[in-house]
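Trainee: Before anything else, here's the structure in question.
Residue numbers (the numbering used here): 34 to 159.
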């Protein structure tokens with residue numbers, strides 16, 4: 034079940050990456066174009082890494098764990114950004130979506146590997 038969850042949520046990052054590219058290409062703006070194109074490719078790389086890691090979660094758990102931290106960063110950024118006028122209110126939806134995925138990745142990898150979060154943070158596997 035967890036393997037499929039990681040694989041599917043990873044695959045969804047391809048769509049987000051493609052959407053980011055579409056936004057950059059359909060309305061190119063100075064100061065945003067390069068960042069959005071690079072971010073889109075980063076998201077697609079993350080998708081490929083998650084899909085790959087899902088096939089051997091015990092040995093590749095740090096990849097999934099670190100992606101959980103990336104998503105947790107997005108959650109914290111929205112929680113800080115919206116009240117301070119740095120994000121839009123609709124981005125609160127990311128808190129529910131990415132927050133759930135982040136916690137599943139983080140807790141799931143600790144349980145799958147029986148490693149501490151610190152060990153996974155340092156890319157150690159059983």
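The beta carbon of each residue, even a glycine, is placed where N, CA and C say it ideally should be.
(1) Report all residues from its chain with a CB closer than 6 Å to the CB of residue 57; omit the five preceding and five following residues, and keep chain order.
(2) Indicate the three-state DSSP secondary structure (helix, strand or coil) for residue 50 in the structure shown.
(3) Measuring CA to CA, which of 132, 107 and 96 is closest to residue 152?
(4) For my contact list, residue 90 and residue 46 are in at a C-beta cut-off of 8 Å; report their separation, rounded to the angstrom.
(5) Among the candidates 136, 44, 84 and 94, whose CA atom is the shortest distance from the CA of residue 107?
(6) Hey, out of 100, 92, 72 and 74, whose CA is closest to residue 83's CA?
(7) What is the DSSP secondary structure of residue 158, counted as helix, strand or coil?
(8) Rounded to whole angstroms, how far is the Cβ of residue 142 from the Cβ of residue 94, which I believe are closer than 8 Å?
(9) According to the neighbour-count rule (16 or more other Cβ atoms, all chains shown, within 10 Å of its Cβ), is residue 42 buried or exposed?
(10) Starting from residue 144, trace the alpha helix (DSSP H) both ways and give me its first and last residue.
(11) Provide the residue span of the alpha helix (DSSP H) that contains residue 93, from first to last.
(12) Classify residue 148: buried if its beta carbon has 16 or more other beta carbons within 10 angstroms, exposed otherwise.
(13) On the three-state DSSP scale, how would you describe residue 65?
Mentor: Looking at the atomic coordinates:
(1) 66, 69 and 70
(2) helix
(3) 96
(4) Between residue 46 and residue 90 the Cβ distance is about 17 Å, and since that is not below 8 Å, they are no contact.
(5) 136
(6) 100
(7) coil
(8) 4 Å
(9) buried
(10) 125-146
(11) 90-114
(12) buried
(13) coil
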